[in-house]
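What follows is a short report on a single structure.
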Amino acid sequence: MMIQSPEHLGRYIRKVRKELEVTQKDLALTAGTGLRFIIDLENGKPTCQIGKMLQVLQVLGIQLNLSHSEFENEQS
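Note that the sequence shown covers residues 165 to 240 in my numbering.
Written out as structure tokens, the structure is:
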């Protein structure tokens, strides 16, 4: 899935969390963040801390893969 904005990422995180039937409060506790952070992240706040976001992704089982079109076309 290609994420193109903080809002898109937030919607995806919310979707996965709800599919797993996890509350925002439980996610915050498990990820070691505050409830306000989860709310802001799911609402697409662009200034959320990346370290905390990565913790949330890990707890939800979401993998983050990065690529660059220029380098993806080159062979090693």
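Ideal Cβ placement from N, Cα and C applies to all residues, glycine included. None of these values were measured; they are calculated from a predicted model.
Item, Value
"Proximity of Q213 and L199 at Cβ, strictly below 7 Å", "no"
"Own chain, CB closer than 7 Å to K171, minus 5 neighbours either side, in chain order", "Here the sequence assigns Glu to residue 171, which means Lys is not the residue at that position. Answer for E171: G208, listed in chain order."
"Backbone CA spacing between Q222 and K216 [nearest angstrom]", "10 Å"
"Where the alpha helix (DSSP H) containing K179 begins and where it ends", "P170 to E183"
"Range of the contiguous alpha helix (DSSP H) that encloses M217", "I214 to L224"
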